[in-house]
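Novice:
2 protein chains.
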Amino acid sequence: MNKQDLYNDYTQTMQKIADVVNTIAILGWDKEVNLPPKGARFRSQQVATLSGIVHELFVDDKFGKLLTRLNTGNSLSIRHKKNISLTLKDYQREQKLTKNFVIKRSEVTSAAYHAWLAARKANDFNLYKGALKDLVDVKREEAELIGYKEHPYDALMEEFEPDASTKNLEALFADVRKQLVDFTRQIRKQPQVEDSFLHKFFPKDKQWDFGLEILKNLGYDFDAGRQDISPHPFTTNFSPEDVRVTTRIDENDFSNMVWSCIHECGHALYEQGLPSSEYGLPLGAHISLGIHESQSRLYENNLGRSRSFWKPHFPKLKKLFKENLSGVDLDKFYRSINRVSPSFIRTESDELHYHFHVLIRFEIEKGLIEGSLEVEGLDKVWNKKYKEYLDIEVPDDRNGILQDIHWSHGSFGYFPTYSLGSFYGAQFFHQANKEISNLKQLTEEGNNLPLLTWLRENIHKHGRYYTAEELCKKVTGEPLNFGYFMDYAQNKFTEIYNI
Amino acid sequence: MNKQDLYNDYTQTMQKIADVVNTIAILGWDKEVNLPPKGARFRSQQVATLSGIVHELFVDDKFGKLLTRLNTGNSLSIRHKKNISLTLKDYQREQKLTKNFVIKRSEVTSAAYHAWLAARKANDFNLYKGALKDLVDVKREEAELIGYKEHPYDALMEEFEPDASTKNLEALFADVRKQLVDFTRQIRKQPQVEDSFLHKFFPKDKQWDFGLEILKNLGYDFDAGRQDISPHPFTTNFSPEDVRVTTRIDENDFSNMVWSCIHECGHALYEQGLPSSEYGLPLGAHISLGIHESQSRLYENNLGRSRSFWKPHFPKLKKLFKENLSGVDLDKFYRSINRVSPSFIRTESDELHYHFHVLIRFEIEKGLIEGSLEVEGLDKVWNKKYKEYLDIEVPDDRNGILQDIHWSHGSFGYFPTYSLGSFYGAQFFHQANKEISNLKQLTEEGNNLPLLTWLRENIHKHGRYYTAEELCKKVTGEPLNFGYFMDYAQNKFTEIYNI
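Protein sequences, first through last, are from chains G and P.
Residue 366 is where the first sequence starts when you use the working numbering, and the numbers rise one by one after that.
Residue 366 is where the second sequence starts when you use the working numbering, and the numbers rise one by one after that.
(1) Closest to L371/P by C-alpha separation, out of K494/P, F788/P, G429/P and P760/P, would be which residue?
(2) Would R688/G be called buried (16 or more neighbouring beta carbons within 10 Å of its own) or exposed?
(3) Under three-state DSSP, which class holds T463/G?
(4) With a threshold of 8 Å, are at least 3 pairs of Cβ atoms found where one atom belongs to the region 582-592 of chain P and the other to the region 616-635 of chain P?
(5) Taking Cβ-Cβ distances shorter than 7 Å, what residues in chain P pair up with I418/G?
(6) Flag S737/G as yes if its beta-carbon sits less than 7 Å from any beta-carbon of chain P, otherwise no.
(7) Using a cut-off of 9 Å between C-beta atoms, extract the partners of Y644/G located in chain P.
(8) Since V610/G contacts C630/G with CB under 8 Å, what's their CB separation in whole angstroms?
(9) Just confirm the distance between the C-beta atoms of V424/P and Q460/P, as a whole number of angstroms; I'd bet it's less than 8 Å.
(10) Below 8 Å on the Cβ atoms is my guess for F780/P versus F727/P; work out the distance and round it to an integer in Å.
(11) Would D426/G pass as an interface residue toward chain P - the criterion being a Cβ-Cβ separation below 7 Å?
(12) At what residues does the alpha helix (DSSP H) containing T601/P begin and finish?
(13) For the 8 Å Cβ check, are there 3 or more pairs between the region 392-410 of chain G and the region 463-477 of chain G?
(14) Using a Cβ-based criterion (distance less than 6 Å to any ligand heavy atom), does A536/P qualify as near the ligand MN?
(15) State the DSSP-derived secondary structure class of V546/G, mapped to helix, strand or coil.
(16) If you check the beta carbons only, do L453/G and L510/G fall under 7 Å apart?
(17) Which chain G residues are close to S604/P, counting only those with a beta carbon under 9 Å from its beta carbon?
(18) Could you tell me if R408/P is buried or exposed, where buried requires 16 or more neighbouring beta carbons within 10 angstroms of its beta carbon?
(19) If I follow the unbroken beta strand (DSSP E) through Q592/G, where does it start and stop?
(20) Mind pulling the chain P residues with CB within less than 8 Å of F587/G?
(21) Buried or exposed: which applies to D618/G, given that a residue is buried once 16 or more other Cβ atoms fall within 10 Å of its Cβ?
(22) Report all residues from its chain with a CB closer than 6 Å to the CB of V385/P; omit the five preceding and five following residues, and keep chain order.
(23) Among F599/G, D769/G, P760/G and H678/G, whose alpha-carbon lies nearest the alpha-carbon of V723/G?
(24) Within 10 angstroms of its Cβ, does E860/G collect 16 or more other Cβ (buried), or is it exposed?
(25) Which one of T712/G, L804/G and T782/G has the shortest CA to CA distance from A833/G?
(26) Specify the secondary structure class of V759/P as computed by DSSP and reduced to three states.
(27) In chain G, which residues lie with their C-beta within 8 Å of the C-beta of P395/P?
(28) For the region 605-619 of chain P, list every residue whose C-beta sits within 7 Å of some C-beta in chain G, in sequence order.
(29) Kindly indicate which residue of L814/G, Q792/G and K427/G has the alpha-carbon position closest to the one of K838/G.
(30) Checking contacts by CB at 7 Å: is T388/P closer than that to chain G?
(31) Does T414/G come within less than 7 Å of chain P when only Cβ atoms are used?
(32) Please go through the same chain and pick out, in chain order, the residues whose beta-carbon is closer than 6 Å to the beta-carbon of N798/G, but skip the five residues on each side of it.
(33) Of all Cβ atoms in chain P, is any one closer than 7 Å to the Cβ of K381/G?
(34) Where does T437/G land, buried or exposed, given buried means 16+ other C-beta within 10 angstroms?
(35) Under the three-state reduction of DSSP, which class applies to T818/P: helix, strand or coil?
(36) Flag this pair as touching only if the region 653-668 of chain G and the region 532-548 of chain G have three or more C-beta atom pairs under 8 Å; answer yes or no.
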């Protein structure tokens, strides 16, 4: 067989795997949006079966040999070569974990999840400690099996943020510490902005309709997706032509719906913009969670909390919720949606304090994995860091170390991608403003499609062709630079808080 | 390995297959209920991939050897043996079709489907003839490959109605011809009942709520299912603990929603009543389409169009649609929902003329498969039979031979199961009335759960343990007997039409 035939074989296998992976995503979407309570038992079994099938298809020896053969020589195009080398990398990573290890990890993770649930219910970290300790041991073992050049934490981040390094993150978070701690301290000293009108009663149906209008305005393609309600908003995709978002509606908190809508829309626009001609292949997939999050954060914060964005939308909002917003003008509204105030809970955080939540988790995870921190006493470490960075006293474990589900799912190395997302987002948005000369004006006119076109052209269409860092350099001319986020934050909040 | 271990291996494989089959059903449900238009392309590919995986798992040689080994000797329980022998039968049927034949069949069927769409659009049977002829040839070849004792049509029915025979159906439909042709002729001579009030404007939301109330009243478990809207109502199941129904709502035709609701509910109650301990195995599956349809028809017609059923529900309906039903009493309503009038379209038929639609298709299919009928001129044969049995002149092909999707999907031998369903349903309902002495009274009090309990105990819980005929004998003491349907029809319509 010639190389092109072999490449077609490769494509076929990859699409077969993608079909099953995407089917698992459909089962997951259905679980969150539709599943009747009794359906959960067999649904779990169905997902487990399909996951097993994906694993069998992917680690197949014959497939490995095919990849190795395709990876040598020069007869493939550059794009085809890129697909092969990225797949081979994924394949080799998958091979490093023995079947026994995968079973052990799955058992330990499942135990940790149940321990976490019980501990959260009892509001007592002590009930989680033992299982968390076992989990940390397993994750350390995983890091050794996968291997790393500099730091074992690198091996774990790889799953979520390929090519990220602990060293780079340490430098990045040093900047966060240096610049953001002081700045938020200054903000906290200023008089607080008023936002009580956001907590009046906003009827569900009207919120829903407004959310749909925003999605359309941002360019979300409803012929290639849909929005539904779920307890926790999320985006999922079954192909670039079926990318679904969910939102939640709190009738006593308008912000909840609208920014979850815009955030998920950012994720969805990325997925809808991936090339469907590369379905199932690396060049048809997102680069990393950090880059994914850069799209959602850019839309949510840089665009969605800007005065320009609301200039055309606020009048519609006022019409829709006349009574609630009587006496509120654009400026007052703009301040209210940019309220900065420290909170115990990461998911309820404003866009500045957010990064301390991530920083704390990064420091703790890194410490646990490298062995400089122990699970014993970790709650105290947690609380101390919240005092140090956010100047708040954590009242109990539920509002502290027990708040996140991530560790109990075995996800170590995930949290940093949230901050990376914001920082990449700010840097990309800065560049978009440079390249689209009248972007602000377009936004003020309610035309958000030129921004989408720019993101499509510069980011979405490439799939995994570039690494996150390569992409960042290609798009903005330099590697990730916290300065862009900090500039954005200072420009905005210095004005809002009269600093 | 001992037999029990082998049986466990068997169960594991069967559950794995069931997990994928049920996942395909979820994809199908999602397609009808949620799919955005652009999502169709990759969705088809995903379904095809999973179908291929199911086939690979099922026709695996090792699995065949396991079945053969388990099928010999005596160390398994009777129920386990039953599972094995039924699975082996399915396995052997699947083995008879060569890979090449399956590919050819799939191509010919796909061509027939597209020809049918085009012919329907052009309202011209001539555009369908060639493809239909190829399809008939393929189905005849399929019958030969599968094999049969008496008639090639038996081999095709087997897929939908295991153990059905052309001979028995001929006898059954001879009764239909003898008794029902005359009876419907008598009805058609009588003054027609009034039903115009069913075609007033019935708002969607109120219909929806009423439908849900009916489902609850019949015993549908909303913790193990849900109702949604789709263009064509259907029932689907992903396990006995997740059985979903859909309905459609026509605001100008109240009947549309309510009887589709009750019909699908009958299907769903059967699926919710199958033993989940036998998930994935024959004893956890329905017997045949005929028995499935017996449950939906029993609910739709024998119960759902009875005066007793509406005695408690009609007052609620009157309250809900006050204006529409002003001046309508229970008796007038009861007559209106039992209007008998011949129609060209099977799916719009009343419950008596319905069986002529099926009879005509049975005669034609049987003729095509045995070679006594040609595709050439089939439209004329069709129209002649409609004149003969229903006394109507078919105006064009769209209202005639092009109306059904079944053939274009390659389904020959499916139609008879619709009539079998009604006839089994009438016989079962007769028996239920004999065994639950006060069933009519309970129904009049709005308590429909004793009927469900009876069906669960006598029919649902057995899965495929009995064949349709065995079940019928076990439950009613005799084989299928058209007399029960005819008695039911005569009792009801003689009164309604004053014959």
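For each residue, glycine too, the CB sits at the ideal point set by N, CA and C.
As the structure is a computational prediction, the values presented were derived from the model and not from experiment.
Specialist: Checking against the coordinates, here is how it stands:
(1) G429/P
(2) With the sequence shown as reference, residue 688/G is identified as Glu, and Arg is not the correct amino acid for it. It is exposed - the Cβ of E688/G has fewer than 16 other Cβ atoms within 10 Å.
(3) coil
(4) yes
(5) I418
(6) no
(7) F407 and Q410
(8) 6 Å
(9) 6 Å
(10) 6 Å
(11) no
(12) Here T601/P belongs to no alpha helix (DSSP H); instead the beta strand (DSSP E) covers T600 to S604.
(13) no
(14) Ligands displayed in this structure: none; no statement on the ligand MN is therefore possible.
(15) helix
(16) no
(17) K403, G404, R406, F407, R408, Q410 and Q411
(18) buried
(19) Q592 to I594
(20) P401
(21) exposed
(22) L415, I418 and V419
(23) D769/G
(24) exposed
(25) T782/G
(26) coil
(27) Here the sequence assigns Asp to residue 395/P, which means Pro is not the residue at that position. By Cβ distance, chain G contributes I391 and D395.
(28) E606 and D607
(29) Q792/G
(30) yes
(31) yes
(32) L804
(33) yes
(34) exposed
(35) helix
(36) no
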